[in-house]
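Listed in order, the protein sequences are those of chains A and B. Just so we're aligned, residue 18 is where the first sequence starts under our numbering, counting upward by one. Just so we're aligned, residue 155 is where the second sequence starts under our numbering, counting upward by one. A short write-up of the structure that comes next.
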Amino acid sequence: MTNPLSNAIDVVGVRKSYGSLQALKGIDFSIPRGEFFGLLGPNGAGKSTLISIIAGLVQADAGRIAVLGHDTVGDFRAARRLLGVVPQELVFDPFFKVREMLRIQAGYYGSGREVWPWIDEMLERLDLSDKADVSMRALSGGMKRRVLIAQALVHKPPVVILDEPTAGVDVELRRTLWQFMAELHAQGQTVVLTTHYLEEAQEMCSRIAILDHGEVKALESTRQLLKRHPFRFLRLKLANGGRLPDALQMLVASESEGTIELKLETGKHPIAGVFDALRDAGVAIEDVQTRDPDLEDIFVELTR
Amino acid sequence: MSPDQIGFLTLLKKEVMRFWSVLAQTVTAPVITALLYLLVFAQALSGRASAYEGVSYTEFLVPGLIMMTVMQNAFANTSSSLIQSKIMGNLVFLQMAPLGPWEWFGAYVLAALVRSLLVAVTMFVATLFFVPLAIHAPLALLAMFVLSAGCLAVIGLIAGIVSQKFDHIAAFTNFFINPLAFLSGVFYSVHALPKFWYMVSHLNPFFYMIDGFRYGFFGRGDVSIWLSLAWTGGFFVTASAVCLWMLITGYKMKR
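Below you can see the structure in the form of C-alpha cells.
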C-alpha cells in the first residue's frame with residue numbers, strides 16, 4: 018500500500034564514494050507528487066550516481082531513498098514498480114523486436130496482456146508503430162532512444178526519471194517527447210528530469226535542484242531560482258566603432274561581432290547610469306537590448 | 155498469478171527466447187560437434203574392450219558424450235547470457251526491475267535446463283541411428299540430468315557475475331570446464347587409469363555427473379549411483395549457495 022501523503026521521492030542523507038572520490042556528500046531533498054522536477058548539474062556533479070541509487074543500480078554508502086514511501090532497498094519490489102527510469106546510455110537487447118521487448122519489460126513488472134493496448138498506444142505516440150516488428154539491432158539511435166522511453170513507461174509508473182533523454186536526439190523527437198511527457202504530467206505523473214539543455218529544464222520544470230561536487234547547491238522553484246539572480250544584461254552596439262568608456266569596462270560579460278553585453282547588478286548599476294556614462298564620453302549607440310538572466314546564467318553562477 | 159510470479163516467468167521466457175532465436179548456434183552446433191566426437195572415437199577405438207560386459211565401446215561412449223555436451227551448454231547458456239547483457243549494457247533493464255535474487259537464479263538456471271534438455275534429447279535421438287540405447291533407470295537418469303545441468307548452469311551464472319568481458323568467460327571454459335569435462339571419464343572408464351589418476355578422478359565432481367548419468371542407461375557405473383547423486387547434489391547446493399549470496403549482496407553487479 019502506498020501512503021497517499023508520501024512524497025514521490027525522498028532522498029535522506031545519501032552518501033556515496035568511489036575510493037577517495039566523494040560522488041555524493043550527504044544529499045537530502047524531497048520531490049512532492051505531481052511535480053516536474055529538474056535535477057541539474059555539470060558533468061561529475063553526482064546526478065547519475067544519485068539516479069542509479071534510486072533505480073537500484075548502485076548501493077549507497079549511507080542514507081536512504083523512498084519512492085512514494087517505499088524504501089528502495091528494504092521494499093525494493095514496491096519501489097521499483099512505482100518507478101520508471103530512462104537510462105542515459107543507449108542500451109538495447111539485440112535478440113528481440115521492439116514490441117517483443119516492450120512486452121517482456123512489462124512482464125518484469127508483473128504486467129501482462131492488460132498493458133498490450135498501452136504498449137500499442139505508446140508505439141503510436143512515439144512514432145514507432147512501423148518499427149514494432151523490427152529487430153532492436155536494426156533501429157537508428159533516435160529510434161532506440163524512443164524504445165528506451167517506452168520501456169520506462171510500459172508499466173505505467175507514477176514516478177518517471179528521465180536521465181538526459183534528449184542527449185543526441187533530433188528536434189522532432191524532442192518535441193514528441195516533451196509533448197508526451199507534458200501530457201503524462203498533466204495526468205498526475207511525477208517527472209524527474211536531468212538534462213544539459215537548460216532551456217528545456219527552464220521550460221518544463223516547476224522546481225529545480227542544482228547539484229555540484231556531490232552537494233545540493235540550490236533547490237527552489239524555477240521562478241524563485243530565476244529571481245535569485247541579482248543581475249540583468251544590457252546588450253549594446255556602439256555607433257561608428259565607438260569604444261566603451263573605461264568606467265564601464267568592468268561590467269563587460271561578453272563581446273562578439275561588435276555587440277557588447279554588460280552584466281548589471283540590480284540596484285548597484287542602473288541602466289540610466291550606463292547611458293549617462295556613454296553620453297559623457299561622447300559615444301553614440303546604434304542598437305540596445307536588455308535580457309533577463311536565464312537558467313544557464315544561474316547555473317554558471319552556482320557551479321562556478 | 156502474483157506480479158512476482160509473472161516477473162519470474164517473463165525472465166524465464168525471455169531467457170528461453172534468447173537461445174531459441176539462435177538455435178543453430180545453441181543446439182544444432184553442439185550436437186553436431188558431439189556427433190563428430192562419437193564418429194571419430196567410435197571408429198578409432200572400435201576394437202577397444204568395453205568397460206562393462208555386454209556393452210560395446212560406442213554404447214559406452216554415448217551417455218558420457220550426451221552429458222558432457224549438456225554440461226558445456228548449461229554453462230554456456232547462463233554465462234553467455236549474463237556477460238552479453240553486461241557488455242551490451244542491457245542488464246540495467248533487469249537490475250531496475252522488481253525481480254529478486256531467487257527469480258534471477260530460478261529463471262536463468264531453468265532456461266539453461268531447457269536448452270540442455272533440448273540438446274540431450276536431440277543427441278539421444280541422433281545417436282539412435284548409430285547405437286540404439288535402452289534406459290535402465292529413468293529416475294536416476296532424470297535426477298542426474300537435472301542436478302548436473304543445474305550445477306553447470308549455476309557455475310555459468312557465477313562466471314557471468316564475476317566476469318567483466320568475454321575473455322573471462324573463455325578462461326572459465328578453457329581452464330575449468332573443458333579440462334574437468336574431458337578428464338571425467340567420458341571417453342574411458344576410470345578403472346582403466348593408473349592408480350594415481352584413478353584417485354584424482356574421484357576428486358573431479360564432473361566424474362560423478364558422467365558416471366551417474368551412464369548408470370541411468372546401463373544400471374552400472376564406476377561408483378555407486380548414490381555416491382554420484384550425493385556428490386552432484388552436494389556440488390549443486392554449494393554452488394547455488396555461493397551464487398545466491400552473490401545475487402543477494404549484489405557482488406560485482408552493483409557498483
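By construction, the Cβ of each residue, glycine as well, lies at the ideal position given by its N, Cα and C atoms.
- Following the DSSP letters along the chain, one finds B:F247 inside the alpha helix (DSSP H) bounded by residues L245 to Q249.
- One finds T164, L165, K167, K168, M171 and F247 in chain B with Cβ atoms closer than 9 angstroms to the Cβ of A:I121, taken in chain order.
- Taken in chain order, the complete beta strand (DSSP E) segments of 3 residues or longer contained in the region 224-249 of chain A are 224-229 and 232-238.
- Using a Cβ-Cβ cut-off of 7 angstroms, B:L253 is close to Y125 of chain A, given in chain order.
- The criterion of a C-beta distance shorter than 8 angstroms is not satisfied by B:S270 and B:M363.
- A check of alpha carbon separations from B:G370 across B:L193, B:I237 and B:L296 identifies B:L296 as the nearest.
- Taking the C-beta atoms as reference points, B:A261 is found nearer than 8 angstroms to B:L166.
- Note that the region 262-269 of chain A touches the region 286-300 of chain A; at least 3 beta-carbon pairs, one per stretch, sit closer than 8 angstroms.
- Contact with chain A is absent for B:D376, since none of that chain's Cβ atoms lies less than 8 angstroms from the residue's Cβ.
- In this structure the region 296-306 of chain A does not lie against the region 228-244 of chain B, because fewer than three pairs of beta carbons, one per stretch, are closer than 8 angstroms.
- The region 49-60 of chain A makes no contact with the region 30-40 of chain A; the number of CB pairs closer than 8 angstroms stays below 3.
- The CB of B:R409 comes closer than 8 angstroms to the CB of Y35, S69, L74, V75 and Q76 in chain A, given here in chain order.
- Annotation: the region 70-148 of chain A contains the following complete segments of the alpha helix (DSSP H) (minimum length 4 residues), in chain order: 93-98, 115-125 and 133-142.
- B:W385 counts as buried, since no fewer than 16 other beta carbons sit within 10 angstroms of its beta carbon.
- In the three-state DSSP reduction, B:Q226 falls in the helix class (H, G or I).
- A:T207: member of the beta strand (DSSP E) spanning T207 to T211, first to last residue.
- The region 153-167 of chain A makes contact with the region 90-109 of chain A: 3 or more CB pairs, one atom from each, lie closer than 8 angstroms.
- Burial check for B:M353: the Cβ neighbour count within 10 Å stays below 16, so the residue is exposed.
- About 18 angstroms separates the Cβ atoms of A:P104 and A:L145, ruling out a contact at the 8 angstroms cut-off.
- Contact of B:M242 with chain A is assigned, a C-beta pair being separated by under 8 angstroms.
- Contact between B:Q238 and B:M407 does not hold, since the beta-carbon distance rounds to 15 angstroms and is not under 8 angstroms.
- Taking 7 angstroms as the upper bound on Cβ-Cβ separation, chain A lies near no residue of the region 288-321 of chain B.
- The shortest C-alpha to C-alpha distance from A:V317 to any of A:K148, A:V75 and A:K234 is the one to A:K234.
- In this structure, B:G254 is the residue among B:A198, B:G254, B:V181 and B:N244 with its C-alpha nearest to the C-alpha of B:W399.
- Judged by DSSP secondary structure, A:I315 falls within the alpha helix (DSSP H) whose first and last residues are L312 to T320.
- Per DSSP, the beta-bridge partners of A:G55 are A:L210 and A:I225.
- Between the beta-carbon of A:L170 and that of A:M221 there is about 16 angstroms, and that puts the pair past the 8 angstroms contact cut.
- It is roughly 16 angstroms from the alpha-carbon of B:P252 to the alpha-carbon of A:I82.
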